[in-house]
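Just so you know, the sequences run in chain order Z and G.
Just so it is clear: in the first sequence, position 405 is 764 by the working numbering, and no numbers are missing.
Just so it is clear: in the second sequence, position 397 is 1239 by the working numbering, and no numbers are missing.
The structure appears right after this line, and notes come after that.
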Amino acid sequence: MSFRPVIGLEIHVQLKTKSKMFCGCNNESEGVKPNTNVCPVCLGLPGALPVANKEAIKSAVMAGLALDGTVAGFSKFDRKNYFYPDLPKGYQISQYDQPIAKGGFLEFIVPLEKEKKLGSKKVYQKRAKITRIHLEEDAGKSIHPQGRDYSLIDLNRCGTPLLEIVTEPDISSPLEAKFFLQELRKIMRYLGISDADMEKGHLRCDANVSLKGEGTKILGTKTEVKNMNSFRAVEKALTYEIKRQENLLKKGKKIVHETRGWDEDKGETIPQRSKEEAHDYRYFPEPDLPPLELSQAYITEIRNNLPETPEHRRNRFKKEFKLGLEQLAVLIEDKELGDYFGRVISELREWVKDLDLKQNQEKATTEMINLTANLFVTELVGMLRDKKVAVEKSKITPENLAELVTLIYKGEISQGAGKKVLGEMLDKGGDPSHIIDEQGLKQISDEKKLGKVIGEVIKENKGPVDDFKEGKQEALGFLVGQAMQKTKGQANPQVVNKLFRRILKK
Amino acid sequence: MDFEKLTIPEIHKQFHEGKTSAVELVERALEVIGKKEKDLGSFISLDREEALKAAEKVDKKIARGEELGILEGVPFALKANIVMKDKIATCGSQILENFVSPYDATVVKKLKEAGAIVIGRTNMDEFAMGSSTETSFYKKTRNPHDRTRVPGGSSGGSAVAVASGEVVFALGSDTAGSVRQPAAFCGVVGLKPTYGAISRYGLVAMASSLDQIGPITRNITDCVLVQRVIQGPDAYDSTCVKDKRNSSRYDLESIQNLGVKGLKIGVPQEYFEKGLDKKVKEKVEAVIKLLEKKGAKTEKVSLPHTDYAIATYYILSPAEVSSNLARYDGIRYGYSAMVDPDKKTDDLLSVYLESRKEGFGNEAKRRIMVGTYVLSSGYYDAYYLKAQKVRSLIRKDFESVFKKVDFLITPTTPTLAFKLGEKLDDPLQMYMSDVMTVPSSLAGVPTLSLPCGTIEKDDKKLPVGLQLIGNYFEEAKLFQVACAIEKLVNK
């Protein structure tokens, strides 16, 4: 009998609000000395009271709307009671039976084969339903130094606002889980509500995994897998867990309903606690916070001002710019890059108007956009990565970049020189025509000028010249290269090529 | 000058006329405390030096001829569950024996800004759980009218401090009667404001949906003056709200002079039935007759769900208690078995268990257990949820009765102050002493207790408390009626 995995995800997204969920403490604790970014409220000191953060509520509403969920006009906060040293109040303020948003779904693209990236052409679209989204506060961090008989607690993280997003068990493979999470990360970033960096714990994911026998309708017993700290870990852990369950079922054994932790070093999931030992959290309405009542006007206002989601942008870029899958994958992945790309294209449209075009303007624009996208995908992204700079903070203005593309398109500089100019612009800023003049990068297409250079090359390379005449086509490449060298790359290679052929044919 | 009887306006006048100084007042307060404290046990800790220093500042202001705020230089006491910066807030419990607050409660901040002078923190039932101040870890507090009797609770220390003249006013907290019942037993004025009228920020929580800070004073005018300063919305407490009805700002002149003519008084029958001391009943009915003479109209009314109030309260309140008291785990502050040489702790669980076993008294443990039980899965619907529904019904009782009458009049307590130890081992009997005060706590409506005479018992004159219940945020109307009663009773 074969089995089909059934996976549901429970994701915690750390919101990047200015202050914490229920107090005025700075929400950014990274690199801050332990237990210093705290106040009576997040320390849970006697007498302190929580006050809900409006920005966090807005973020949750945005997430709910972006995922096509229904935002509740009335929701409330509840206390989830349990004892743990990093939970200073002895309860976590969360939302239990009336979350801020319900329903919705997320559509994402999954490549068919594991090795292929998102740019792959073999992809399918998948939809996973969202069960609910709610707001809660984070606990502190417990640190267990190796070989010591004590543990340390850092309460800086206490009260950090979290969004818990729960999906229906709609996910059918570890790869789907991974791509779901990556799409969700993108959405959070597009909305500007979280950096959703898994490695930094901004996005944490638990998964409920069970196997369903092919042809049956009965769900198998599920396990909950925790402690997966990267997209890769999610994929690996789920792959392991599915295999583990499959092996047990094939041997006729039963799956134990339990929580299992992913051990990255061992590469396996390890039992943490069984459901019989599960907490009774004794949820009840948080008496310190009035219910959360959101007016339709407020929700509509947020809906009307919702930033574009990655999916919308993907569709728009495809339609408007006629981009290919790989170009789309790169430009959608990073919101800022896509924003910037959009600005370059607007500038480009201005440049097109001034071009003396032989063909129709629309076609030229499409070609130039394609040229721009390629420049982004093959050159700019790599350069930015090497320099560790975000595009919107780099020295290149969209206007200058549009000009560069225009110059390349017009053939005033070669693709190679274009790359050089781009590098220069990134280092020092400035407009491309100046850089081209300063560095003498202007492409030489003038046949008279080039004829002279070609004459010299022919004189100096008797051997290859003869080879070519005897029909060895690859010799031409060598000769063109020589000519390029002599002009320090300024020669228009197409013209050089044409001239060689013409001269040597005689 | 009889310090023990001075009112706030009299103090204010004397400062301006140079008849007394703030330092002198604080010294007098400390003197009275020195004389009576051993006998009454109202304070857990005193701030002698800080109080004198603060008084010196006020005196300098007087010397410079500056205008003083009405509370400036007035010595007062804080219940030990209201936190003050750099001071220990014990809440009457061992588990907070060493907890020093790094911040001021909003009411403390407001009173400090108003220039009132903190003398010390008063004794109370542990975490405000009790009606006799006997569950305090620290000491017993006695009723100044009869030392063999309890002062009431849980704000017993605050009520005694005011009744015995140790301070001019005190703050208490009221969850089910903890301001009103001791005020009644001790013969002083006590107000439980509308839920949400005063910030709870810095009041150590017992049952958050019911807790309210309230003033305990020597008379109604003082109560108005203190309430005026401490009430109002607070950015640190989202259950503390601004309400239009509160905009009258307690105009003292109208409160003192408007009287009761034309007002409709509701007399809820459920409060005058079984279990009510006959003499207490007579006292209250005598006041009602006096009010009728002054032109008030009385009407018998019914609050049909009154009988369920105590049961409802003893489900909802412990539920919140069990959660609110979870933070006292011996890890970060307060008593910890970890550092107690008499305790053995091997792991985290034993630190929790031993610290809480040692640190909490019996009543706290009882309520933590009941609360944990009623919130547990499988019991939640039958207890907690049902109690919430009954609470709504009780609230509706009040809402509909206030469509017919302006305020309600009842006894504050069914009996006079009882004997020390009399009910300590019988929790149900103890709980029943709150039977008159619990319903308005559950509804959240403002309620005030004021003295309406005394009854002689065992050769001692014991005070009787009369309770006025008003509509949401209509404290000003309560004050107006209370002022009229005060005049009638004192004639």
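Virtual Cβ for every residue (Gly too), placed ideally from N, Cα, C.
Predicted model only: the values in this text are computed from it and were never measured.
Collapsing the DSSP output to three states places residue 458/Z in coil.
With fewer than 16 other CB atoms across the displayed protein chains lying within 10 angstroms of its CB, residue 749/Z is exposed. The beta carbon of residue 696/Z sits no closer than 9 Å to any beta carbon of chain G.
Counting C-beta pairs with one atom in each stretch, the region 1026-1041 of chain G and the region 1153-1162 of chain G have fewer than three that are closer than 8 Å, which means they do not touch. Between the alpha carbons of residue 1164/G and residue 508/Z lies a distance of about 31 Å.
For residue 849/Z, no beta strand (DSSP E) segment is defined, and its DSSP state is neither H nor E. With respect to the 9 Å criterion, residue 1288/G and residue 1035/G are classified as neighbours on the basis of their beta carbons. For residue 433/Z, the nearest beta carbon of chain G is not closer than 9 Å to its own beta carbon. Pairing residue 496/Z with residue 541/Z gives a Cβ-Cβ distance that is not under 9 Å. Residue pairing by DSSP places residue 433/Z opposite 652/Z in a beta bridge. In this structure residue 699/Z is buried. Its beta-carbon is surrounded by 16 or more other beta-carbon atoms within 10 angstroms. Using a 10 angstroms sphere on the CB of residue 577/Z, the tally of other CB atoms stays under 16, which defines it as exposed.
Among the residues facing chain Z, residue 1173/G is included, as its CB has a counterpart in that chain under 9 Å away. If you draw a straight line from the Cα of residue 1317/G to the Cα of residue 895/G, it comes to about 34 Å.
Selection 981/G, 1095/G, 1169/G and 1032/G evaluated against residue 1056/G yields 1032/G as nearest (Cα-Cα).
Apart from the 5 residues on each side of it in sequence, residue 865/G sits with its Cβ closer than 7 Å to the Cβ of 894, 897, 898 and 901 in its chain, given in chain order. Between the region 1249-1265 of chain G and the region 1307-1316 of chain G, the count of Cβ pairs shorter than 8 Å is three or higher; the stretches touch. Boundaries of the alpha helix (DSSP H) around residue 769/Z: 757-769.
Take residue 863/G, set aside five residues on each side of it, and the residues of its chain with a beta-carbon closer than 6 Å to its own are 901, in chain order. Closest in alpha carbon position to residue 521/Z, among 705/Z, 658/Z, 769/Z and 459/Z, is 459/Z.
Counting only runs of 4+ residues, the alpha helix (DSSP H) found wholly inside the region 955-1015 of chain G occupies 998-1005, in chain order.
Separation of residue 446/Z and residue 922/G (C-alpha to C-alpha, rounded to the nearest whole angstrom) is 25 Å. Residue 1174/G carries a coil assignment under DSSP once its states are collapsed to helix, strand and coil. If you draw a straight line from the Cα of residue 1324/G to the Cα of residue 1008/G, it is about 24 Å long.
From the beta-carbon of residue 420/Z, no residue of chain G is found nearer than 7 Å; the closest lies around 18 Å away.
Residue 638/Z counts as exposed, since fewer than 16 other C-beta atoms from the protein chains shown sit within 10 angstroms of its C-beta. Cβ contact annotation for residue 361/Z (same chain, cutoff 7 Å, sequence separation greater than five): 573, in chain order.
Counting only runs that start and end inside the region 1231-1301 of chain G, the alpha helix (DSSP H) elements of at least 4 residues fall at 1269-1274 and 1280-1285.
Counting the other Cβ atoms within 10 Å of the Cβ of residue 510/Z gives fewer than 16, which makes it exposed. In this structure residue 546/Z is buried. Its beta-carbon is surrounded by 16 or more other beta-carbon atoms within 10 angstroms.
Assignment of beta strand (DSSP E) within the region 854-905 of chain G, counting only whole runs of 3 or more residues, yields 885-888 in chain order. Identification of chain G residues near residue 450/Z by a Cβ-Cβ cut-off of 7 Å yields 1165 and 1168, ordered along the chain. Taking CB atoms only, residue 1162/G has a neighbour in chain Z less than 9 Å away. Apart from sequence neighbours up to five positions away, the residues of its chain that approach residue 849/G with a beta-carbon distance below 7 Å are 1060, 1061, 1063 and 1064, ordered along the chain.
According to DSSP, residue 1073/G shares a beta bridge with 1040/G. No Cβ-Cβ contact shorter than 9 Å links residue 1016/G with residue 988/G.
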